[in-house]
Each structure stands twice: as C-alpha cells, then as structure tokens.
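Under the working numbering, the first residue of the sequence shown is numbered 232, with each subsequent residue one higher.
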Amino acid sequence: MKDGHMRDIRYLRLSVTDLCNYRCQYCMAPEGVEKRPHSEILSVEECVEIGDAAVACGIRKIRLTGGEPLVRRGIVDICQGLSELNGLEELCLTTNGSLLPQLAGPLRRAGADRLNLSLDTLRPQRFQEITRLGSLGQVLDGIQAAEEAGFSRLKLNVVLMGGVNDDEIPDFIELTRTHPWEVRFIELMPMGPCAGWERSRFLSADEVLRRFSGLVPLKDSGVARRFQVPGWAGTVGLIEPMSHRFCSSCDRIRITADGRLKACLHSRQELKLRGLHGEALREAIRRGIASKPERHHLTEDGSETPRCMNEIGG
232 MKDGHMRDIR YLRLSVTDLC NYRCQYCMAP EGVEKRPHSE ILSVEECVEI
282 GDAAVACGIR KIRLTGGEPL VRRGIVDICQ GLSELNGLEE LCLTTNGSLL
332 PQLAGPLRRA GADRLNLSLD TLRPQRFQEI TRLGSLGQVL DGIQAAEEAG
382 FSRLKLNVVL MGGVNDDEIP DFIELTRTHP WEVRFIELMP MGPCAGWERS
432 RFLSADEVLR RFSGLVPLKD SGVARRFQVP GWAGTVGLIE PMSHRFCSSC
482 DRIRITADGR LKACLHSRQE LKLRGLHGEA LREAIRRGIA SKPERHHLTE
532 DGSETPRCMN EIGG
C-alpha cells in the first residue's frame with residue numbers, strides 16, 4: 232500500500248515489550264522502566280492478529296523489537312504465528328543477543344529469518360559501562376549460537392557516540408574482513424536520556440569514512456548507505472537519521488507494545504489498534520499508513536518525540 236506521498240509501505244516494526252534486561256545509558260534510566268500489567272501489553276494472539284491485518288494491507292516484512300524482544304514471554308510463539316502468515320516474506324528480530332544461546336535455535340525453527348544484534352563496543356569493561364547490566368561474553372556466545380542455528384549474514388548495530396566508542400570504528404570494520412556480517416553505524420538520536428547530552432556525543436556517520444580509508448560504496452539498500460573493503464567478506468552500513476534524512480525512501484510503520492500505530496518514529500501522532508478486529512483493524516492500519524508524514528521533525532533536544540526508544544520499538 233502507498234502512503235499519501237506515494238511511498239510503498241512494506242515494512243512493520245512490531246514491538247512486543249518495552250522491557251529490557253539492559254539499561255543502556257542512551258536508552259534507559261538506571262532503574263529501568265516501570266513494569267506494566269500484562270493486560271496493557273499486546274498478547275501473543277493480538278500480535279499475530281495485527282501482523283495478519285498488516286500483511287493484508289501490503290506489509291511484506293515484519294521485524295520484532297522491544298525493549299529486548301527476547302525477554303518477552305511467548306516470543307517463540309509470536310514468531311511461529313507470524314511466520315505462518317500468507318504473504319509475509321521476511322520475519323526478523325532486533326536483539327541485544329544476550330539470550331540467543333538459549334533461544335537462537337527455537338527462534339529459527341519457529342520461522343525467524345534474520346537477526347540484527349545491537350553491539351556498541353567490543354571491550355568488556357566499556358560494554359558493562361554502556362549497558363550497565365550486560366556481559367560482552369554473553370553477546371559473543373549469542374552470535375555464535377545464532378550462526379550455529381542457521382542465521383546467516385548477521386547485522387551488528389553500533390550506535391555511534393563521540394568520546395564513548397568512536398575510537399573503535401576500525402575494530403568494528405575489521406570484523407568484516409573474515410565475517411559475512413554487515414556492521415551498521417547508527418547516528419545517535421537525541422531521544423530519552425541522551426537528549427540532553429553534550430553535542431560532541433552526536434557524530435555524523437561520515438566520521439566513519441574519515442576514520443577508515445578503503446571503504447568502497449555499494450548500491451544502497453533500504454535506509455543504509457553501504458560500503459565494503461574490496462575482497463572482504465562483510466559490509467559496512469551507515470544509518471543517518473540526523474545528518475542525511477532518508478524519509479523520502481522510508482517504507483516502514485511501527486506498532487508499540489501497547490498496540491498503537493506510529494507512522495513515523497518521531498511523530499507524536501499515534502493510532503490505537505487494540506480492540507479492533509477484522510475489517511475495522513485493517514481500515515485503521517490503512518488510515519495510519521495514509522497519514523505517514525513526508526519527513527520527520529526530530530529536534531536537537533528530542534522534544535518532538537514523546538516516548539523513549541524502548542517504548543516505541545528500537
């Protein structure tokens with residue numbers, strides 16, 4: 232289905248929880264978020280019903296997000312239900328990877344096609360400082376478990392932060408020498424706890440090109456500008472919501488864990504879907520797609536976006 236600006240909307244990011252087992256400094260407060268009653272969060276059945284309605288409206292790819300989607304009870308059942316939808320071409324998850332040693336196999340068998348892993352540093356002490364609760368070793372074990380389960384061509388998402396992890400740009404790119412992964416550097420957005428950080432923390436993704444010579448441009452795919460060192464196994468992606476808006480090619484909508492459709496990550500406009508069924512649900516999704524704004528209006532202080540990333544779906 233096309234939105235009001237003739238973009239073909241084919242991609243849904245469906246949040247299944249706003250909870251996380253990490254407390255990343257740029258995403259969440261040290262104490263985390265207040266746990267909601269189960270009744271306020273989409274059930275397994277509602278997730279599948281909404282996914283089915285979205286596919287009927289032209290969605291062909293669904294990515295499950297959070298918070299951390301793997302802490303969600305029933306995540307394998309959600310994957311199983313969505314993977315069986317007629318017309319869905321791709322089912323993906325974005326995860327911090329810490330629970331993949333236990334869940335990579337069940338997720339793959341349930342029909343998940345691809346994984347993106349959030350990994351902001353390759354240094355154990357720094358990893359603990361950024362995540363507050365995480366262990367780098369768990370994530371590395373999770374990557375191994377994902378590959379053993381049959382997830383190929385993993386994507387590693389690195390939020391680029393000046394004075395925090397920008398000195399690791401060459402180390403991350405070096406991973407693509409022998410691994411068929413895509414390392415994606417994502418510009419830090421002024422949302423939630425990091426909205427008031429000093430400006431030096433917010434780097435343009437072009438800094439990657441300045442810090443590492445030898446990257447050759449590839450044909451763009453989706454929101455990322457892609458590069459590769461000739462002869463290396465993997466690729467490098469730059470995702471630039473701040474310095475290079477990609478709104479003109481944005482093909483996605485989002486649904487929050489409490490069942491509200493957001494046609495743009497940074498818009499205050501939300502459309503309630505819970506309680507709707509059948510044609511009423513499909514019509515609401517169509518209205519949401521039609522209302523998608525031409526471009527986002529994220530301000531430097533993050534004031535345009537009322538929810539934190541873990542509440543929207545990262």
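Where a beta carbon is used, it is the ideal one built from N, C-alpha and C, also for glycine.
Roughly how many whole angstroms lie between the Cα atoms of residue i and residue j?
i, j, result
"D283", "L316", "6 Å"
"D234", "A377", "35 Å"
"F217", "Q256", "Limits of the chain in this structure are 232 at one end and 545 at the other, which puts residue 217 out of reach."
"D344", "E321", "6 Å"
"R254", "E265", "13 Å"
"P268", "G465", "42 Å"
"E531", "R340", "Only weak support is given to the placement of E531: the predicted model assigns it a pLDDT of 48, under 50, and the value that follows is read from those uncertain coordinates. Approximately 43 Å, taken between the alpha carbons."
"E429", "G394", "11 Å"
"Q356", "T362", "10 Å"
"P188", "T326", "Absent from the model: residue 188. The displayed extent of the chain is 232 to 545, so no value can be given."
"R518", "R304", "31 Å"
"G533", "S498", "Because the pLDDT at G533 is just 48, under 50, the model does not fix this residue reliably, and the point stays unresolved."
"C278", "V247", "8 Å"
"V467", "V370", "20 Å"
"H586", "C478", "No statement about residue 586 is possible, as the shown extent of the chain runs from 232 to 545 and does not include it."
"S522", "G453", "21 Å"
"D249", "L434", "27 Å"
"G462", "S274", "46 Å"
So who's on the other strand from residue i, going by DSSP bridges?
i, result
"E276", "In DSSP, E276 forms no bridge with anything."
"I470", "I417"
"F294", "A quick correction: the sequence has Arg, not Phe, at residue 294. Answer is R244, C323."
"Q459", "V447"
"D239", "K233"
"L346", "L324"
"H483", "At residue 483 the sequence reads Arg, which differs from the His that was named. R483 is bridged to Y242."
"N388", "S349, R415"
"L502", "L492"
Within 10 angstroms of the Cβ of residue i, are there 16 or more other Cβ atoms? Answer buried if so, exposed if not.
i, result
"V447", "exposed"
"T409", "exposed"
"M237", "exposed"
"E262", "exposed"
"L364", "exposed"
"L329", "According to the sequence provided, residue 329 is Ser. The question's Leu does not apply to it. Result: buried."
"D351", "buried"
"P421", "buried"
"R483", "buried"
Would you mind working out which of the options sits nearest residue i, comparing C-alpha positions?
i, options, result
"E413", "L496, Y242, I470", "I470"
"L440", "F358, L391, T487", "L391"
"S474", "R442, D437, S444, K450", "D437"
"F443", "A285, V460, R499", "V460"
"E510", "R354, Q311, I281, I240", "I281"
"E559", "G490, K503, C481", "There is simply no residue 559 to check, as the chain begins at 232 and stops at 545 in what is shown."
"L348", "T407, V307, I374", "I374"
"R384", "D372, P411, I400, F358", "P411"
What do you reckon, are the CB atoms on residue i and residue j nearer than 8 Å?
i, j, result
"R432", "N388", "no"
"L512", "E501", "no"
"L334", "I293", "no"
"A548", "I272", "Residue 548 is absent from the structure shown; the chain starts at 232 and stops at 545."
"G297", "C251", "yes"
"I520", "C288", "yes"
"L243", "I290", "yes"
"A260", "P424", "yes"
"L245", "L295", "yes"
"L353", "D402", "yes"
"S314", "G342", "yes"
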